[in-house]
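Visitor: If you read the sequence shown in the working numbering, its first letter stands for residue 275, the second for the next number, and so on.
This is the structure I have questions about; it appears just below.
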Amino acid sequence: MDLISKIKELKREKNAIVLTHCYQNIEIDEVSDFVGDSLYLSKMAAQTNADIIVFAGVYFMAQSAKLLSPNKKVLLPNLNSGCMMADMINVENLKSFKDRNPNIPVVCYINSTAEVKANCDVCCTSSNAIEVVKNLNSDKVLFVPDNFLGKYVQHKLPNIEIITFNGYCPIHQRIRLEEIERARKNYPNAMILTHPECNQEVAKRSDFIGSTKEIMEYVKKSDKKQFVIATEKGVVDRLNRDSKKEGWNKEFILIDENIICPDMKKNSLDSIYNTLLKEENVIEIDLDVAKKATKCIEKMFEITSPIKNC
Ligand code: 13P
Ligand code: SF4
275 MDLISKIKEL KREKNAIVLT HCYQNIEIDE VSDFVGDSLY LSKMAAQTNA
325 DIIVFAGVYF MAQSAKLLSP NKKVLLPNLN SGCMMADMIN VENLKSFKDR
375 NPNIPVVCYI NSTAEVKANC DVCCTSSNAI EVVKNLNSDK VLFVPDNFLG
425 KYVQHKLPNI EIITFNGYCP IHQRIRLEEI ERARKNYPNA MILTHPECNQ
475 EVAKRSDFIG STKEIMEYVK KSDKKQFVIA TEKGVVDRLN RDSKKEGWNK
525 EFILIDENII CPDMKKNSLD SIYNTLLKEE NVIEIDLDVA KKATKCIEKM
575 FEITSPIKNC
């Protein structure tokens, strides 16, 4: 039996599902129940009746799944798949950021550890950050850890003062304005779609800014034929696959071949199979931390769209 069939059989036997972020190696989709962005996968984790969730993503995503589904076994195929942005903030530097800016609500991007979430007021993802900040009804907000996403929200909500922590995604940060200008010259008819983790200059010169899933949905609906994508390679791989399979006759070009997140690429069909077979790499979170971090995520659903609505 091939590996894909073996994983599918194990999933059936163990009542397991595989949740997959769209930056993962594309072959993982073959065994996945849901593929999407952080918000969508969090909702799927909260709603599932499965006993086991195998999270094909990075550590903070598997932690969020565990927080939203505390009675399920959540497995991460490679426990070393971290997030360089999430690692830029910890409880200590968060505390000094808060001390320097007292009595202001703290919005925490989901790309952060459970410990950091436990010390923030409300969580957000790239697809609902604007909605979360707006619905806080505060004229000042602290935003951690991604300063670029924070600045993007600031641009959209000029009446709220957003004080950003100085974290960033080293992968998206590599995308430069010059590359956008070059793409405009080389593909004059193409639309340029960008993730809000990119810097402000890049975002301003783009035609659309959205989460990975929003980008994928936008291009499907668009009547344009050529798109330059300024986010991780996994998105472009999936779009070119779907265009071929579904006969969209659309072309997707990655802004720069080096926009690959090494942590996202640590999972494989092999590691998914072994993790599920042995039920290892179980995500565990300290109970007190989990209680506070869950509140931070639940507040996001409270002030935006409910979990059931996706
Ligand atoms: P999305 O929520 O858009 O999937 O982003 C997650 C991420 O890590 C982007 O770098
Ligand atoms: Fe983290 Fe950047 Fe990788 Fe996303 S692409 S998981 S933000 S390091």
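The C-beta atom is built at its ideal place from N, Cα and C for all residues, glycine as well.
With DSSP collapsed to three states, give me the class of C398.
Guide: strand
Visitor: Within the present structure, is the beta-carbon of L313 separated from the nearest heavy atom of the ligand 13P by less than 7 angstroms?
Guide: Answer for L313: yes, Cβ within range of the ligand 13P.
Visitor: In the structure shown, what three-state DSSP assignment does M358 receive?
Guide: coil
Visitor: Would you identify the three-state DSSP class for A464, choosing helix, strand or coil?
Guide: coil
Visitor: Pick out the complete alpha helix (DSSP H) segments inside the stretch 519-555, 4 residues or longer, and give them in chain order.
Guide: 543-552
Visitor: For R458, does the count of other Cβ atoms within 10 angstroms reach 16, so buried, or fall short, so exposed?
Guide: That one is exposed.
Visitor: Compute every distance between the C-beta of T294 and the non-hydrogen atoms of the ligand 13P, then say whether any falls below 7 angstroms.
Guide: no
Visitor: State the DSSP-derived secondary structure class of I384, mapped to helix, strand or coil.
Guide: coil
Visitor: Considering just the uninterrupted stretch of the beta strand (DSSP E) at Q447, what are its terminal residues?
Guide: From DSSP, Q447 is part of no beta strand (DSSP E) but of the alpha helix (DSSP H) over P444 to Q447.
Visitor: Quick check on the DSSP output: the beta strand (DSSP E) that includes V415 runs from which residue to which?
Guide: Unbroken beta strand (DSSP E) run through V415: K414 to V418.
Visitor: Can you have a look at V365 and say buried or exposed, based on whether 16 or more other CB atoms are within 10 angstroms of its CB?
Guide: Exposed, by the Cβ-count rule.
Visitor: Among D497, S316 and V493, which has the Cα closest to the Cα of R512?
Guide: V493
Visitor: What residue range does the alpha helix (DSSP H) around V406 cover?
Guide: A403 to N409
Visitor: Give me the pocket residues for the ligand SF4, defined as CB within less than 7 angstroms of any heavy atom, sorted by chain position.
Guide: My final list is Y297, V332, C357, M358, M359, A360, N385, C443, P444, I445, H446, E471, E506, C535, D537 and M538.
Visitor: Please return the same chain residues whose Cβ sits closer than 6 angstroms to the Cβ of K566, not counting the five positions on each side in sequence.
Guide: A392
Visitor: Do you know offhand how far L368's Cα is from L353's?
Guide: 24 angstroms
Visitor: E506 and C535: beta carbons closer than 8 angstroms?
Guide: yes
Visitor: Starting from A336 and walking both ways along the alpha helix (DSSP H), at which residues does that stretch end?
Guide: Y333 to L342
Visitor: Using 10 angstroms around the beta-carbon of P376, count the other beta-carbons present and answer buried if the total reaches 16, otherwise exposed.
Guide: Exposed, since its Cβ has fewer than 16 Cβ neighbours within 10 Å.
Visitor: Would you kindly work out how many angstroms separate the C-alpha atoms of T322 and L341, rounded to a whole number?
Guide: Computed Cα separation, rounded: 13 angstroms.
Visitor: Any heavy atom of the ligand 13P inside 7 angstroms of the beta-carbon of T568?
Guide: For the ligand 13P, not one heavy atom lies less than 7 angstroms from the Cβ of T568.
Visitor: Comparing the CB of S400 with every heavy atom of the ligand 13P, is any distance shorter than 7 angstroms?
Guide: yes
Visitor: Exposed or buried, Q500, counting other C-beta atoms within 10 Å across all chains shown (16 or more means buried)?
Guide: exposed
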